[in-house]
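Per this note's numbering: the sequence shown = residues -6 to 118.
Written below as structure tokens is the structure these notes are about.
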Amino acid sequence: MKKKFVYIGLVLIAAAILVYSCSKGYNTPPSGYNPGTAGTGVMASVTIQNMAFIPDTLSIKTGTTVTWSNMDEVTHTVVELNGMFSSGNIAPGQTYSYSFPAAGTFTYHCTIHPMMKTGVVIVSN
């Protein structure tokens, strides 16, 4: 009987830790966050950190190369919803780049972590 209570206690503690770790602000941008806009330059960047794409919306010009940098401690992917681009696995500390040849709105996500908010790249001429 005593062992049963110990096991129940351990399960409750594990559940509490899981709930706490899952509520630590994932997909919440850091304070001072501003959505990114790339002007006439040819490069822009998105940071993957705290299980979020930062910025989650990026406005760029046609021909701009966007580089995603994984600053998390876990592997992520960057996959456009219509198959325009797909990074494969991006290990912690690694990057993925894609050049946008045409105007449009491109929504992407991490296939490994479906709970992450999607990101958007808005490309104009």
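Where is the CB? At the ideal position from N, CA and C, for every residue including glycine.
Given residue i as reference, the closest of the options once Cα atoms are compared
i	options	result
V116	N63, T50, V71 and H106	T50
V67	N43, L74 and Y101	N43
G112	A37, V35, M36 and I47	I47
D65	S79, Y89 and A45	A45
Collapsed DSSP secondary structure at residue i in the structure displayed
i	result
I47	strand
H102	strand
N118	coil
S16	Caution is warranted here: a pLDDT of 39 is assigned to S16, below 50, making its placement in the model unreliable, and the coordinate value is therefore given only provisionally. S16 falls in the coil class under three-state DSSP.
Residue i burial status per 10 Å Cβ neighbour count (16 or more: buried)
i	result
N82	exposed
A37	buried
Other residues of its chain near residue i: CB distance less than 7 Å, five sequence neighbours each side excluded
i	result
A96	T55, V116, S117 and N118
### Message
Below 8 Å, how does it come out for the segment 93 to 108 and the segment 59 to 73: are there three or more Cβ pairs, yes or no?
### Response
Output reads yes: the segment 59 to 73 touches the segment 93 to 108.
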